[in-house]
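Contents: one structure, followed by commentary.
Residue numbers (the working numbering): -11 to 93.
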């Protein structure tokens, strides 16, 4: 499974980009992508309160590991896409839009 939304701040690892490099970059058909991401399978639940790494005063209430079988992401990625227009890999966006198109057909 390919993980998306990994950032230096969340994983404390310099192999990932800083979230600051990824925000304010709206994705194509954001609402469709977000709806898809929110409806996907929850693989694991972490009993944790997560703080927004951009504005630590904000809390993210739940943390899940989610997937669609091909891609995986933490639920806080959804939060960052909604709140800060965090970029997602174009390959993932195209994957989602092709699946949504098939469902609507």
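Virtual Cβ for every residue (Gly too), placed ideally from N, Cα, C. Since the model is a prediction, treat every value here as computed from it, not as a measurement.
For residue 55, the uninterrupted beta strand (DSSP E) segment begins and ends at 51 to 55. Put simply, the backbone Cα of residue 69 is about 15 Å away from that of residue 47.
In the DSSP assignment, residue 24 falls within the unbroken alpha helix (DSSP H) covering 18 to 27.
Just so you know, the alpha carbons of residue 61 and residue 90 end up roughly 22 Å apart. The beta carbons of residue 59 and residue 83 sit about 7 Å from each other, so the pair counts as a contact at 8 Å.
For residue 60, the beta-bridge partners assigned by DSSP are -9 and 55. Pairing residue 77 with residue -8, the inter-Cα distance amounts to about 7 Å.
Of the other Cβ atoms in all chains shown, fewer than 16 fall within 10 Å of the Cβ of residue 34; this residue is therefore exposed. Beyond the five residues adjoining it in sequence on each side, residue 81 comes within less than 8 Å, by CB distance, of 15, 16, 17 and 21 in the same chain, given in chain order. Just measuring C-alpha positions, the residue of 51, -3 and 13 sitting nearest residue 43 is -3.
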